[in-house]
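Take a look at the structure set out below.
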Amino acid sequence: MRVAFSASSLAQTAADLLVVAIPVDKVASALSGLGDFASALATVAEAEDFSGKPGSTLGAPTYGRVASNRILLVGIGAGALADVRTAAGIAGKEARARGAKNVALAFPGADIGAAGLRTAIEAFAEGNYKFDKYKSNPSAKKAAAEALSFVGIPSDADAVSRALALVAGQDLARDLVNEPAEVIYPESLAAVAQGLASDRITVTVLDEVQIREKGMGGIDGVGKGSARPPRFVHMTYTPVGEAKGHIALVGKGVTFDSGGLSLKPSEGMMTMRCDMAGAAAVIGAMKAIAGLAPQVRVDVIFGAVENMPSGTSYKLGDILKMYNGKQVEIHNTDAEGRLVLADCLSYATELKPDALVDLATLTGAAVVALGDWYSALYTRSDALAGTLAARATDAGEGIWRMPLPDLYKDKIKAEWGDIKNVGGRAGGSITAALFLSEFTTVEKWAHIDIAGPAFLDASLMHYAAGGTGTMVRTLARWIESIGDDSQS
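This is the structure in structure tokens:
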């Protein structure tokens, strides 16, 4: 998507869709640039009780009275950043629904600044995204926007390049999650990571033999039930010059989760291609980081597996020896993601990062607690919790800190091994996080359970159903802020 800037009046702006963001109770003044068409549109707005309240909309054809084919008014209230995001997201969604290739976006009467410009580009792209690769009927497909022009807003190349870097990372994550498991499996997911290699990004991939030799019993144990063997991937971004920090990101990469021998019901298995959304998010974050080029060393680590039932599957009652030497007693083969993450966390800990964050579609309990929008955040570091929450707010993503009490550790005590892989139904998301805490000693460690927002069964706000790429922009903005204190 190309981003441009126009000094034309609203009436002279030529686009398939002209979107005008309207501050509350300022309809007439905001539309003044439309010339003779302004009064007619203001009359319609009054009749439809459109006053510019955040998220409200009014669309109409222009009947050739201005240069654009169609106009969409979107309310932005007082112009808060969150309302700018909502308006731009709606604009992207409407543009995709109508197949508008050239879209113009104006904010008359609102000074959105560089932060608002970044937000608008990111949100427009979120709304404009739809995965219809496998639609065979051309009429079922709607073209994505090719060009987005900002009318009456000063050009800001830096803000545009930063925003587009995040868009590219989020779109990659969404594509990976939306692809069927026949396309994205351990080896192909590792190949996607290898495709990001550059003079600043190195990628190391371990095959199933090397995984076993390394003693990664979690990845090996879960992966051995599938005809498609597991992979372990380590990506490293090294900045030019001295790094201002060192961050490690870990993602769960279960490319399909049948539940293993603890087989899921059919309806619970249908969308389990999305169980690699944590890995997709950290791969997407790395792509964004490549564009942002922060002064931060970043290690991205994920284990990629298929969890399948077969004669070689790991079994209930098995005891798996993990990378850090701990022995894990298996009480449910459908609690596999934490086993894969455990090896990755132990490996990442050896790199001695300043902070370590893992992402995973880990528990249904997180969805029950927080629904489809909020990711569950677990950490014992108040500083890290505050920083991640702030960056999530900047990115317009939902995150909610959850408790991580040692009181519940008894729930994962094992009879024969050191620890068991499930702690019962009550507090399931918490006990999963407590399990993971056994595999890292990094003081600033956080676990983010993205089971709710990673994949939407139905459209939500301006997001289409399917993968959302959640947390890509939160992570990228966090790492960006470490490398450049002037950026939020």
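Each residue of the sequence shown is one higher than the one before, starting from 83 at the first, in the numbering used here. The beta carbon of each residue, even a glycine, is placed where N, CA and C say it ideally should be.
Segment limits, alpha helix (DSSP H) that includes residue i
i	result
Met368	Ala359 to Leu374
Thr475	Asp464 to Ala477
Asn406	Where Asn406 is concerned, there is no enclosing alpha helix (DSSP H), given that its DSSP letter is neither H nor E.
Thr201	Gly195 to Asn210
Ser348	Ser348 to Met351
Arg152	Looking at the DSSP string, Arg152 is not in any alpha helix (DSSP H); the run it does join, the beta strand (DSSP E), is Arg152 to Gly159.
Ser231	Counting along the chain, Ser231 falls outside any alpha helix (DSSP H), though it belongs to the beta strand (DSSP E) covering Ala229 to Val233.
Ser541	Run containing Ser541: none; DSSP gives neither H nor E here.
Tyr429	Gly419 to Glu432
Ala515	Gly510 to Ser519
Asp214	Counting along the chain, Asp214 falls outside any alpha helix (DSSP H), and DSSP gives it neither H nor E.
With 16 other Cβ atoms within 10 Å as the buried cut-off, status of residue i
i	result
Ser392	exposed
Met352	exposed
Glu264	exposed
Glu208	buried
Arg555	buried
Asp476	buried
Val166	buried
Ser568	Low confidence applies here, because Ser568 scores a pLDDT of 39, under 50, leaving its location unreliable; read the following figure in that light. When all chains shown are included, Ser568 counts as exposed.
Asp488	exposed
Leu557	buried
Lys397	exposed
Gln252	buried
Ala222	exposed
Tyr405	buried
Asn210	buried
Glu261	buried
Ser280	exposed
Glu525	exposed
Pro435	buried
Tyr216	exposed
Thr552	buried
Ser138	buried
For residue j and residue i, believed in contact at Cβ under 8 Å, the rounded distance
i	j	result
Ala467	Ala458	Not a contact, Cβ separation roughly 12 Å.
Trp455	Gly534	7 Å
Phe232	Ser88	7 Å
Gly549	Ala275	So it is not a contact: roughly 17 Å between Cβ atoms.
Arg200	Ala241	5 Å
Ile371	Thr318	Wrong, their Cβ atoms sit about 11 Å apart, outside the cutoff.
Under 7 Å between C-beta atoms of residue i and residue j
i	j	result
Val364	Asn503	no
Val387	Gly305	yes
Ala173	Asp238	no
Ala129	Val109	no
Gly366	Ile564	no
Ala120	Ser111	no
Val101	Leu163	no
Ile301	Val422	yes
Thr95	Ala229	no
Gly506	Lys493	yes
Gln377	Ala437	no
Leu427	Gly303	no
Arg310	Tyr267	yes
Ser308	Leu343	no
Phe384	Gly350	no
Met390	Ser348	no
Leu331	Phe314	no
Ala515	His529	yes
Ala182	Leu99	yes
Ala192	Cys356	no
Leu248	Glu204	yes
Ala361	Gly323	no
Thr431	Thr523	yes
Per DSSP, cross-strand counterpart(s) of residue i
i	result
His296	Position check: residue 296 holds Lys in this sequence, whereas His was assumed. DSSP, once it has assigned bridges, lists no residue as partnering Lys296.
Met83	In DSSP, Met83 forms no bridge with anything.
Asp381	Thr318 and Ala330
Glu388	Phe338
Val285	Met317
Thr461	Ala528
Tyr456	Gly480
Ser88	Val233
Ile501	Val410 and Lys495
Gly548	Leu538
Endpoints, beta strand (DSSP E) assigned at residue i
i	result
Trp482	Gly480 to Arg483
Arg310	Looking at the DSSP string, Arg310 is not in any beta strand (DSSP E), and its letter there is neither H nor E.
Val265	Element bounds for Val265: n/a, residue is neither H nor E.
Leu441	Ala437 to Ala442
Gly141	Thr139 to Pro143
Ile104	Leu99 to Pro105
Ala186	Asn184 to Ala188
Proximity test, Cβ basis, 7 Å: residue i and chain C
i	result
Ala129	You won't find chain C in this structure, because it holds only one protein chain.
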